[in-house]
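*Asks:*
2 protein chains.
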Amino acid sequence: MKTVLVLGGDGFCGWPTALHLSAKGYDVTIVDNLSRREIDKQLGIDSLTPIQSIEARIAAWREVSGREVGFSNIDIAKQPAELTACLDTIRPDVIVHFAEQRAAPYSMRGAKEKRYTVDNNVSGTHNLLVAMVELQLDAHLIHLGTMGVYGYSGDGFSIPEGYLPVEVQDDNGVRHSREILFPTSPGSVYHLTKSLDQLFFQFYAKNDGIRITDLHQGIVWGTQTDETRMDERLINRFDYDGEYGTVLNRFLVQAATGHPLTVHGTGGQTRAFINIQDTVRCVALAAENAPERGDGVTIINQVAETLRLSDLAGLVAQVTGAEITHVANPRAEAAENELVVSNATFRALGLDPMLLETDLIGETIEISGRYRARVDLAAIPATSAWNDSRRREIAAA
Amino acid sequence: MKTVLVLGGDGFCGWPTALHLSAKGYDVTIVDNLSRREIDKQLGIDSLTPIQSIEARIAAWREVSGREVGFSNIDIAKQPAELTACLDTIRPDVIVHFAEQRAAPYSMRGAKEKRYTVDNNVSGTHNLLVAMVELQLDAHLIHLGTMGVYGYSGDGFSIPEGYLPVEVQDDNGVRHSREILFPTSPGSVYHLTKSLDQLFFQFYAKNDGIRITDLHQGIVWGTQTDETRMDERLINRFDYDGEYGTVLNRFLVQAATGHPLTVHGTGGQTRAFINIQDTVRCVALAAENAPERGDGVTIINQVAETLRLSDLAGLVAQVTGAEITHVANPRAEAAENELVVSNATFRALGLDPMLLETDLIGETIEISGRYRARVDLAAIPATSAWNDSRRREIAAA
């Protein structure tokens, strides 16, 4: 039986992934410092769904599935010795790494949050790589990256899976070629940290032969998976606030409470999406398809489809009857962009993803309707302006 | 009079730069946590030259030049509040940022030094950028990067000044173009941090309009400048140990003490070089040529020439009569490489650099001969193996 460490296994993607891998027969240990719950307290927000403590979650899973999941409370950014000891004790075959601050608006909230996001994400990822080298641990590291590292330039470049071949001609007319990491242009400090991660992985794969798969994920929608639905105590978190709630969740909660859907700017921003059920399937597929030592970093786009935000709002409006309104955009981003993304690898591995057009209605009824009474309307607006010019635009609006 | 903050102004490049800018009429304040002196103690090594305390240095400069240089002991990685307060008090026109752990072998010494190099360099640089945004400080940030971020692939790509135009063809045969950061391939954790810095600068220049010049420097040789020569109490540091001593310094000390020059591997590694006198001239030129807000990051190669290490050893042998010997290479790097580097920007700004072939003899007599009695021979060998396979090769040799 393969042993898996899920770093950040108490979080929105980490928890259902831990359960899914446990259900598939992996011996799972969660490492988490519960920082996401702490940030909820700091911001005065809460998951729409009533999530249980990690201890209650694990006990419920034991009861429901008969399977043990371990838990270790370690801050991988600040406790490298404890992380190293944990890795040395468990000697996992696979490490799934979700343990990074993952909200772009939170990362742009102010100086403190910018510093926290960088210090936490960079040190955590690097401590992990250093520990793997120190322990000569030949585990397969699966990291959750983001499509957002590439930015949304709209200059006609489509997004391949990680690499771009380039050619140059020297002064003698001789052509030389090289395959490079597809160039990044992150739009927030959070996205910047995932772009930094790519350079860490490139280096440690080259210098020490660490086996790494970097999953560049789209915006995740949906809440429940086959495993989290098995018992209400296993329920996954659902964020709808302006810092952690992704665009679809905020639309769904606005619709459920009879408020118009607030689209930032024109809604011409095109983004990539994937359902949480497919997130856990993709991580399991990645775990079953490890690269060889010396292969370099395998980069896979974990994406089901792309959609304009105005079309997404239209879909929600169609399902729920909500109105749509446009508000000033706090983000420094292009008003409109095209986005063409390859997802050939997971397609070839058999992924047949859920799509918003066909699967959105179930989600709406399942979560945002059921927990409507828990909504805090004041938490919904996104208020972190991403730079001074956006701050002035919002103040003037 | 322009105000300059020199971060890392007690170090090998920082100290002579602070004096040079002071001599040119800038109002200079040094910020330094004296970490380089602390590492000397930890490693049981010392500068060949008898450097004075920062207080004695500044007092000597006041006596010699009649000019005041300020000093503030701040760890910019760990004391963001103090850094922010210092920036707010001084509101400098120019910030020269040398405050990073700068030895590749030290960064590869072990888990602790890998973590320290990343945590220190990343947090320090990011804290600085965050503070500039928070204070709406429109200073010109000049950062010392390294040619080493690009790696030494030998695949025929020459190194431009920062950017590479790339083109792709879409499925409809339409061609699209973009200018990207020249792709990096760092060979050590130290070089990796300078590669991460590039992404920080790209983001903060784009998102917040920070004006940044990133100087990609070659290996610096030489010790003294016009200002550090004015009084022995102003003398610059000279490192010749296996962690901090660059290749030329170790050759010079070996020659001065009658030992053969130890070349790593074949000596076919080609590297870029610049004299310390030209380092300070280049920083002053950069300070006088600030980019405009919104220009993006200006990247300049701060390089005089390129040379094979075997040719460098040959030059030293010719000047000193020393023998040459080859030892197993602790670094994970290509045995041989070509290196073609543009230095068009500084050439156009009037730089006529010192060259090893013509200026090496003076350096040899000036420093390594004069302080021969202070040499600790045991400190010279480079012992930090950069990965497990190099460790095994050295053990077998």
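Heads up: the protein sequence lines correspond to chains A and B, in order. If you use our numbering, the first sequence closes out at 838, no skipped numbers anywhere. If you use our numbering, the second sequence closes out at 838, no skipped numbers anywhere. Note that CB positions come from ideal geometry on N, CA and C, so glycine has one too. Since this is a predicted model, take the numbers as computed values, not measurements.
1. As an exercise, report each continuous beta strand (DSSP E) stretch of at least 3 residues that is fully enclosed by the segment 475-536 of chain B, in chain order.
2. Classify A:K555 as buried or exposed, calling it buried when 16 or more other Cβ atoms lie within 10 Å of its own Cβ.
3. Against B:K555, what residues of chain A qualify as contacts under a CB-to-CB distance less than 7 Å, listed in chain order?
4. Hey, which unbroken runs of the alpha helix (DSSP H) at 4 residues or more fall wholly within the segment 704-761 of chain A?
5. In chain B, what lies closer than 9 Å to A:G597 by C-beta?
6. Please confirm if the segment 744-761 of chain A is in contact with the segment 625-640 of chain A, defined as three or more CB-CB distances below 8 Å between the two stretches.
7. What residues from chain A crowd round B:V559, counting only those whose CB sits closer than 8 Å?
8. Given a cut-off of 7 Å on the beta-carbon distance, is the pair A:M588 and A:H538 in contact?
9. Could you tell me whether the Cβ of B:N474 comes closer than 7 Å to any Cβ of chain A?
10. Determine whether the Cβ of A:S783 lies closer than 7 Å to any Cβ atom of chain B.
11. With a threshold of 7 Å between beta-carbons, can B:N648 be considered close to chain A, or not?
12. By the criterion of Cβ-Cβ separation under 9 Å, what are the contact partners of B:N742 in chain A?
13. Per DSSP, which one or two residues make a beta bridge with B:Y604?
14. By the three-class DSSP mapping on this structure, what secondary structure does B:E777 have?
15. Measuring CB to CB, does B:P533 end up less than 7 Å from B:V590?
16. Taking the alpha-carbon positions, what's the B:M442 to B:I492 distance?
17. Could you spell out where the alpha helix (DSSP H) holding A:Q658 opens and where it closes?
18. Please list the partners that A:P624 has in chain B, where partner means a Cβ-to-Cβ separation under 7 Å.
19. Determine the direct distance from the alpha carbon of A:E798 to that of A:L569, and round the result to whole angstroms.
20. Which residue or residues does DSSP assign as beta-bridge partners of B:R616?
21. Does any residue of chain B have a CB that is nearer than 7 Å to the CB of A:N778?
22. Leaving out five residues on either side along the sequence, give the residues of the same chain with a beta carbon under 6 Å from the beta carbon of B:C723.
23. Give me the residue from B:I821, B:E729 and B:L585 with the minimum Cα distance to B:E541.
24. Give me the chain A residues within the contact set of B:A773, using Cβ-Cβ distance strictly less than 7 Å, ordered along the chain.
25. Pop quiz: A:S463 and A:S506 are said to be a contact at Cβ under 8 Å. What is the actual Cβ separation, rounded to whole angstroms?
26. Would you say A:G755 touches the ligand ZN, meaning its beta carbon is less than 6 Å from a heavy atom?
27. Which residue from A:L446, A:L448 and A:L460 puts its Cα closest to that of A:D672?
28. Please report the straight-line C-alpha distance between A:R503 and B:S825, rounded to a whole angstrom.
29. Using the Cα positions of A:I765 and B:T634, report the straight-line distance between them to the nearest angstrom.
30. Can you name the residues of chain B whose CB is closer than 7 Å to the CB of A:N828?
31. Is the number of C-beta pairs between the segment 800-819 of chain B and the segment 478-498 of chain B that are closer than 8 Å three or more?
32. Please check if any C-beta of chain A sits within less than 7 Å of the C-beta of B:E668.
33. Once you ignore the five residues that flank B:T715 on each side, which residues in its own chain have a CB closer than 7 Å to its CB?
34. Is B:F644 close to chain A? Criterion is C-beta to C-beta, closer than 7 Å.
35. Would the segment 601-609 of chain A and the segment 513-528 of chain A be scored as touching if the rule is three or more Cβ pairs under 8 Å?
*Replies:* The answer reads as follows:
1. 511-513
2. In the first sequence, residue 555 of chain A corresponds to position 114, counting from 1. Classification for A:K555: buried.
3. Position 114 of the second sequence, counted from the start, is the residue given in the question as residue 555 of chain B. Near B:K555 (Cβ distances below 7 Å), the residues of chain A are V571.
4. 717-729 and 750-761
5. In the first sequence, counting from the first residue as 1, residue 597 of chain A sits at position 156. Within chain B, the residues near A:G597 are V609, D611, V615, R616, H617, S618 and R619.
6. no
7. Here residue 559 of chain B refers to the residue found at position 118 of the second sequence. Those are V563, S564 and H567, listed as they occur along chain A.
8. Numbered from 1 along the first sequence, position 147 holds the residue referred to as residue 588 of chain A. Numbered from 1 along the first sequence, position 97 holds the residue referred to as residue 538 of chain A. The answer is no: Cβ separation not under 7 Å.
9. Translated into the one-based positions of the second sequence, residue 474 of chain B becomes position 33. So no, B:N474 is outside the interface.
10. If you number the first sequence from 1, residue 783 of chain A lands on position 342. It does not; no Cβ of chain B falls within 7 Å.
11. Position 207 of the second sequence holds residue 648 of chain B. Judged by the 7 Å Cβ criterion, B:N648 is in contact with chain A.
12. Here residue 742 of chain B is taken as the residue at index 301 of the second sequence, counted from 1. The premise fails here: B:N742 is roughly 16 Å from chain A at the closest Cβ pair, so nothing lies under 9 Å.
13. Sequence index remark: in the second sequence, residue 604 of chain B carries index 163 (1-based). DSSP lists B:L622 as partners of B:Y604.
14. As a first step, residue 777 of chain B must be located in the second sequence, where it is residue number 336. Here B:E777 sits in strand by DSSP.
15. Within the second sequence, the letter at position 92 stands for residue 533 of chain B. Within the second sequence, the letter at position 149 stands for residue 590 of chain B. Contact flag unset, no.
16. Stepping through the second sequence from its first residue, residue 442 of chain B is reached at position 1. Stepping through the second sequence from its first residue, residue 492 of chain B is reached at position 51. Cα to Cα, the separation comes out at about 29 Å.
17. As a first step, residue 658 of chain A is located in the first sequence; it is residue number 217 there, counting from the start. Segment R652 to Q658 is the beta strand (DSSP E) holding A:Q658; no alpha helix (DSSP H) there.
18. Here residue 624 of chain A corresponds to residue number 183 of the first sequence, with the count starting at 1. In chain order: I621 and L622.
19. Along the first sequence, read from residue 1 onward, the residue named residue 569 of chain A stands at position 128. Along the first sequence, read from residue 1 onward, the residue named residue 798 of chain A stands at position 357. Taking the straight line from one Cα to the other gives about 39 Å.
20. To locate residue 616 of chain B, count along the second sequence from 1; it is residue 175. In DSSP, B:R616 forms a bridge with B:Q610.
21. Here residue 778 of chain A refers to the residue found at position 337 of the first sequence. Not one chain B Cβ lies under 7 Å of A:N778.
22. Numbered from 1 along the second sequence, position 282 holds the residue referred to as residue 723 of chain B. Answer for B:C723: Q743 and F787, listed in chain order.
23. As a working note, residue 541 of chain B is residue 100 in the second sequence. The shortest C-alpha separation from B:E541 is found at B:L585.
24. Looking up residue 773 of chain B in the second sequence gives position 332. Ordered by position in chain A, the residues that pass the 7 Å Cβ test against B:A773 are N648.
25. By one-based count along the first sequence, residue 463 of chain A stands at place 22. By one-based count along the first sequence, residue 506 of chain A stands at place 65. The Cβ separation is near 7 Å, so the contact holds.
26. The ligand ZN is not among the ligands present in this structure, which contains no ligands whatsoever.
27. As a working mapping, residue 672 of chain A is identified with position 231 in the first sequence. Ranking A:L446, A:L448 and A:L460 by Cα distance to A:D672 puts A:L460 first.
28. For the purposes of this step, residue 503 of chain A is taken as residue 62 along the first sequence, with counting starting at 1. For the purposes of this step, residue 825 of chain B is taken as residue 384 along the second sequence, with counting starting at 1. Taking the straight line joining both Cα atoms gives about 47 Å.
29. Numbered from its first residue, the first sequence carries residue 765 of chain A at position 324. Numbered from its first residue, the second sequence carries residue 634 of chain B at position 193. Each residue's Cα considered, the two are about 45 Å apart.
30. Indexing the first sequence from 1 puts residue 828 of chain A at position 387. Correct list: N648 and D649.
31. yes
32. Here the question's residue 668 of chain B lines up with position 227 in the second sequence. So, not an interface residue.
33. Start at 1 with the first residue of the second sequence, and residue 715 of chain B comes out as number 274. Checking the displayed sequence, the identity of residue 715 of chain B turns out to be Ile instead of Thr. Excluding sequence neighbours, B:I715 sits near Q658, G659, V661, Q743, V744, A745 and P794.
34. Counting from one through the second sequence, the residue named residue 644 of chain B turns up at place 203. Yes, B:F644 lies at the interface with chain A (some Cβ there is under 7 Å from its Cβ).
35. no
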